[in-house]
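For reference, the structure is listed below as structure tokens.
2 protein chains.
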Amino acid sequence: MADIVEVAQRAGVSIATVSRALNGKSASAETRRRVLQAAQELGYVVSSSASSLASGRTKNIGFMVPFIDRWYFTTLLRGIEAVLLEHGYDVTLYNLQGHEEQREKIFATSLRRSSVDGLIAASIELAPHEIRTLQDLGKPVVSVGGTIDSVSTVDVDNFHISRLATEHLISLGHTRIAHVGSGSALGSAFRLGDTRYDGWQSALAEAGLAHDETLFREADFDIESGYRATKFLLAHNRPSAIFAASDEVAIGSLLAARDLGLRVPADLSIIGIDDHHLADFFGLTTIAQFPEMQGQAAADLLLATLENPGIEPQHRTIAPEFVVRASTARPHDGEFERI
Amino acid sequence: MADIVEVAQRAGVSIATVSRALNGKSASAETRRRVLQAAQELGYVVSSSASSLASGRTKNIGFMVPFIDRWYFTTLLRGIEAVLLEHGYDVTLYNLQGHEEQREKIFATSLRRSSVDGLIAASIELAPHEIRTLQDLGKPVVSVGGTIDSVSTVDVDNFHISRLATEHLISLGHTRIAHVGSGSALGSAFRLGDTRYDGWQSALAEAGLAHDETLFREADFDIESGYRATKFLLAHNRPSAIFAASDEVAIGSLLAARDLGLRVPADLSIIGIDDHHLADFFGLTTIAQFPEMQGQAAADLLLATLENPGIEPQHRTIAPEFVVRASTARPHDGEFERI
DNA sequence: GTGAAAGCGCTAACAG
DNA sequence: CTGTTAGCGCTTTCAC
Chain A
1 MADIVEVAQR AGVSIATVSR ALNGKSASAE TRRRVLQAAQ ELGYVVSSSA
51 SSLASGRTKN IGFMVPFIDR WYFTTLLRGI EAVLLEHGYD VTLYNLQGHE
101 EQREKIFATS LRRSSVDGLI AASIELAPHE IRTLQDLGKP VVSVGGTIDS
151 VSTVDVDNFH ISRLATEHLI SLGHTRIAHV GSGSALGSAF RLGDTRYDGW
201 QSALAEAGLA HDETLFREAD FDIESGYRAT KFLLAHNRPS AIFAASDEVA
251 IGSLLAARDL GLRVPADLSI IGIDDHHLAD FFGLTTIAQF PEMQGQAAAD
301 LLLATLENPG IEPQHRTIAP EFVVRASTAR PHDGEFERI
Chain B
1 MADIVEVAQR AGVSIATVSR ALNGKSASAE TRRRVLQAAQ ELGYVVSSSA
51 SSLASGRTKN IGFMVPFIDR WYFTTLLRGI EAVLLEHGYD VTLYNLQGHE
101 EQREKIFATS LRRSSVDGLI AASIELAPHE IRTLQDLGKP VVSVGGTIDS
151 VSTVDVDNFH ISRLATEHLI SLGHTRIAHV GSGSALGSAF RLGDTRYDGW
201 QSALAEAGLA HDETLFREAD FDIESGYRAT KFLLAHNRPS AIFAASDEVA
251 IGSLLAARDL GLRVPADLSI IGIDDHHLAD FFGLTTIAQF PEMQGQAAAD
301 LLLATLENPG IEPQHRTIAP EFVVRASTAR PHDGEFERI
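Residue numbers (my numbering), protein chains in the order written: chain A, 1 to 339; chain B, 1 to 339.
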């Protein structure tokens with residue numbers, strides 16, 4: 001593989017000039033053209049290790065997630081990738097999902113051997129010493145779904161979203177509105193459970209609806225958990241509507257309702273959060289939170305910080321959007337039909 | 001961040017000795033202990049770019065996928081990560097899912113700036129010039145779900161798996177066995193569609209069942225597509241059993257059957273492939289193909305090649321496993337009940 | 001705008 | 001087993 005010396009010879013300039021021309025630094029138009037052409041002809045691509053060693057920049061950013069096998073994170077990743085790749089960055093994945101030792105290794109070694117220029121951390125609850133490690137890195141970090149102080153953050157307003165969802169149900173005339181969410185299994189990874197619970201409570205209180213804790217049921221953020229929680233709810237203290245903390249949970253609710261012979265939305269309204277790719281298929285009313293956009297925003301913020309190290313941490317909130325489909329209606333109103 | 005010189009001073013040895021001690025090369029026990037301690041005390045971690053530049057090894061491997069937001073790939077990734085991280089490797093993701101330019105950039109730049117020591121490519125249909133690029137890299141590649149010549153490969157025997165699935169249905173007494181799979185949208189990315197179709201045909205022929213092309217219906221590898229294909233099948237030429245090319249497709253079939261008022265398995269048996277995490281929830285009989293194991297095997301092969309560059313390309317086939325749940329039964333046999 | 005030269009922090013011979 | 005030394009291939013002053 002050709003190196004910078006060959007390019008310099010072919011272009012008839014010094015290697016310093018090649019470096020500058022290729023990196024968009026000062027160089028005459030003609031020189032730049034010749035260098036570009038020589039590089040092109042030789043199929044030259046800069047060696048990342050040499051470039052990193054000399055410049056301190058790796059053109060690589062880390063993406064840290066508590067899980068990778070969930071729609072939210074892979075979708076986030078796609079948004080991040082799209083903008084980062086366009087700017088010549090690769091992304092290496094730090095998945096905290098594995099064993100505890102795997103997690104320790106990531107913090108103790110992977111992150112510290114400075115193979116990334118910055119980090120995007122998604123929905124992660126970090127231990128104090130882990131946060132210290134990140135800070136000591138001295139590298140820009142942007143947090144998505146924000147749990148890290150004094151770094152740029154992109155998030156959605158979960159409290160607001162939950163209120164929107166609950167208010168939608170209230171406006172339809174529901175008074176027995178249940179909430180399923182805030183599971184414990186993800187408790188240490190997500191912090192949004194509580195916020196969503198609070199938004200639900202808040203909307204209920206504002207509408208003058210009595211607090212009824214038996215209308216809340218815990219579930220992890222997946223279909224199966226939503227299914228079980230809903231079955232319990234429906235058997236014990238049947239609500240006329242359910243606000244599920246995610247679309248996957250809501251799909252579980254949908255399936256549970258059907259297994260019990262209830263019609264949605266005639267007998268039970270269901271609303272989720274996400275606009276998961278399955279939401280359309282299941283005719284689920286939901287509140288879109290655009291993870292891909294969140295990823296793009298996070299990447300943009302990181303890039304901005306990389307280009308302007310002195311910049312203040314910024315905060316970007318992605319606006320949610322209501323997506324009305326067929327899973328919500330006025331109580332006992334059968335005019336809607338699922339799929 | 002401390003560098004190797006500091007460690008050398010603190011340990012009272014030369015930097016070469018530090019390097020050796022840290023890399024497990026020859027060094028006396030006592031020296032190694034002192035070096036390790038000094039490094040520990042200083043919080044020293046080798047600079048990856050310096051190390052890469054000097055050694056030619058990056059401790060980074062690339063994982064290339066046609067999509068990232070599918071169960072199969074994320075599960076594969078988890079297997080890969082587990083073994084790679086343990087051996088001190090990071091993994092950077094090359095997702096070909098984006099725009100065409102994104103794909104080109106990955107091949108033209110990302111892969112060629114030699115920031116990885118090797119590559120694991122999953123279920124990707126590569127263009128000839130892309131294969132050339134990979135070969136020119138001169139780096140070990142292992143392919144999962146194999147479409148690349150002369151590199152180590154791990155896969156499952158899809159033909160065999162399809163036969164197993166179909167034979168199961170035949171042994172139950174079914175004679176009208178449909179197949180839904182082999183979608184076109186993924187046609188360029190996967191090659192397993194055809195193989196699965198062939199296995200189905202083969203088992204049918206061997207059992208002396210007449211070929212009936214109307215019992216085949218195309219679907220992409222997701223729930224919605226499986227749902228639509230099954231609805232069509234059920235309306236036009238109703239089979240007594242369906243062999244779905246993946247569990248997600250099978251779940252679509254399950255939902256379609258229910259929406260049409262059919263009971264599974266009393267009125268319709270359904271079998272999938274994967275042992276997707278939702279399979280258990282839906283009571284789906286399936287054939288497990290263990291993507292996590294596939295990932296581990298791929299990583300093992302890659303590591304072996306990295307340690308022994310001269311090694312011959314190897315081929316590892318992961319054995320599938322039958323998982324009998326509640327979605328298959330003899331025709332008209334109602335003794336099983338879904339969930 | 002361009003070239004010469006000094007590293008970036010480490011690894012890998014080569015001696016000893 | 002250990003120290004000395006020569007790079008690895010670039011980027012970045014510093015002069016010109």
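Just so it is clear, CB atoms sit at the ideal spot from N, CA and C, and this is done for glycine as well.
Predicted model only: the values in this text are computed from it and were never measured.
Local Cβ density within 10 Å of residue i, reported as buried at 16 or more and exposed below that
{"i": "Pro128/B", "result": "exposed"}
{"i": "Glu337/A", "result": "Summary for Glu337/A: the model assigns pLDDT 44, below 50, so the residue's position carries little reliability, and this model does not support an answer."}
{"i": "Asp212/B", "result": "exposed"}
{"i": "Arg57/A", "result": "exposed"}
{"i": "Ala245/A", "result": "buried"}
{"i": "Asn308/B", "result": "exposed"}
{"i": "Glu81/A", "result": "buried"}
{"i": "Gln97/A", "result": "buried"}
{"i": "Lys49/B", "result": "The residue asked about is misnamed: residue 49/B is Ser in this sequence, not Lys. It is buried - the Cβ of Ser49/B has at least 16 other Cβ atoms within 10 Å."}
{"i": "Asp149/A", "result": "exposed"}
{"i": "Ala54/A", "result": "exposed"}
{"i": "Ser327/B", "result": "buried"}
{"i": "Arg132/A", "result": "exposed"}
{"i": "Val156/B", "result": "buried"}
{"i": "Ile4/A", "result": "buried"}
{"i": "Glu30/A", "result": "exposed"}
{"i": "Val144/A", "result": "buried"}
{"i": "Asp275/A", "result": "buried"}
Cβ-Cβ distance between residue i and residue j below 8 Å
{"i": "Val154/B", "j": "Ala229/B", "result": "no"}
{"i": "Ile161/B", "j": "Ile15/B", "result": "no"}
{"i": "Thr286/A", "j": "Asp247/A", "result": "yes"}
{"i": "Asn60/B", "j": "Thr92/A", "result": "yes"}
{"i": "Ile251/A", "j": "Leu278/A", "result": "yes"}
{"i": "Val249/A", "j": "Ser225/A", "result": "yes"}
{"i": "Leu42/B", "j": "Ala2/B", "result": "yes"}
{"i": "Gly62/B", "j": "Val18/B", "result": "no"}
{"i": "Val65/B", "j": "Ala122/B", "result": "yes"}
{"i": "Thr166/B", "j": "Ala203/B", "result": "yes"}
{"i": "Ile223/A", "j": "Phe281/B", "result": "yes"}
Start and end residues, beta strand (DSSP E) containing residue i
{"i": "Met64/A", "result": "Asn60 to Val65"}
{"i": "Gly108/B", "result": "Strictly speaking, residue 108/B in this sequence is Ala, with Gly absent from that position. Looking at the DSSP string, Ala108/B is not in any beta strand (DSSP E), and its letter there is neither H nor E."}
{"i": "Ala210/A", "result": "First-last for Ala210/A: undefined, no H or E at that position."}
{"i": "Gly118/B", "result": "Gly118 to Ala122"}
{"i": "His236/A", "result": "Per DSSP, His236/A belongs to no beta strand (DSSP E); it is in the alpha helix (DSSP H), Ile223 to His236."}
{"i": "Arg316/B", "result": "His315 to Thr317"}
{"i": "Ser253/B", "result": "Looking at the DSSP string, Ser253/B is not in any beta strand (DSSP E); the run it does join, the alpha helix (DSSP H), is Asp247 to Asp259."}
{"i": "His179/B", "result": "Ile177 to Ser182"}
{"i": "Glu321/A", "result": "Glu321 to Val323"}
{"i": "Leu93/B", "result": "Asp90 to Asn95"}
{"i": "Val141/B", "result": "Val141 to Val144"}
{"i": "Thr328/A", "result": "Run containing Thr328/A: none; DSSP gives neither H nor E here."}
{"i": "Ile273/B", "result": "Ser269 to Asp274"}
Limits of the alpha helix (DSSP H) - the one that residue i falls within
{"i": "Asn23/B", "result": "Premise fails: Asn23/B is in no alpha helix (DSSP H) and is neither H nor E."}
{"i": "Ser52/B", "result": "Ser48 to Ser55"}
{"i": "Gly283/A", "result": "From DSSP, Gly283/A is part of no alpha helix (DSSP H); its letter is neither H nor E."}
{"i": "Asn158/B", "result": "Asn158 to Ser171"}
{"i": "Phe73/A", "result": "Trp71 to Glu86"}
{"i": "Ile131/B", "result": "Pro128 to Leu137"}
{"i": "Ile311/B", "result": "Here Ile311/B belongs to no alpha helix (DSSP H), and DSSP marks it neither H nor E."}
{"i": "Val7/B", "result": "Ile4 to Ala11"}
Cβ separation of residue i and residue j, assumed to be a contact under 8 Å, to the nearest whole Å
{"i": "Leu234/A", "j": "Ala256/A", "result": "7 Å"}
{"i": "Thr142/A", "j": "Ile106/A", "result": "Residue identity check: residue 142/A is Val in the sequence provided, not Thr. Not really, about 18 Å apart at Cβ, beyond 8 Å."}
{"i": "Gly341/B", "j": "Arg176/B", "result": "Outside the displayed span of chain B (1 to 339) sits residue 341/B, for which this structure offers no information."}
{"i": "Arg196/A", "j": "Ser47/B", "result": "With 8 Å as the limit, Arg196/A and Ser47/B do not qualify as a contact, their Cβ atoms being about 43 Å apart."}
{"i": "Ile271/B", "j": "Leu169/B", "result": "6 Å"}
{"i": "Ser152/A", "j": "Leu301/A", "result": "4 Å"}
### Query
Three or more beta-carbon pairs under 8 Å between the stretch 31-44 of chain B and the stretch 80-94 of chain B, yes or no?
Taking 8 Å as the limit for Cβ pairs, the verdict is that the stretch 80-94 of chain B does not touch the stretch 31-44 of chain B.
### Query
Pairing CB atoms from the stretch 258-277 of chain B with CB atoms from the stretch 225-244 of chain B, are three or more of them under 8 Å?
The stretch 258-277 of chain B, when compared against the stretch 225-244 of chain B, does touch it at the 8 Å Cβ threshold.
### Query
If we count Cβ pairs, one from each stretch, closer than 8 Å, do we get three or more for the stretch 317-334 of chain A versus the stretch 290-297 of chain A?
Below 8 Å, enough C-beta pairs join the stretch 317-334 of chain A and the stretch 290-297 of chain A to call them touching: three or more.
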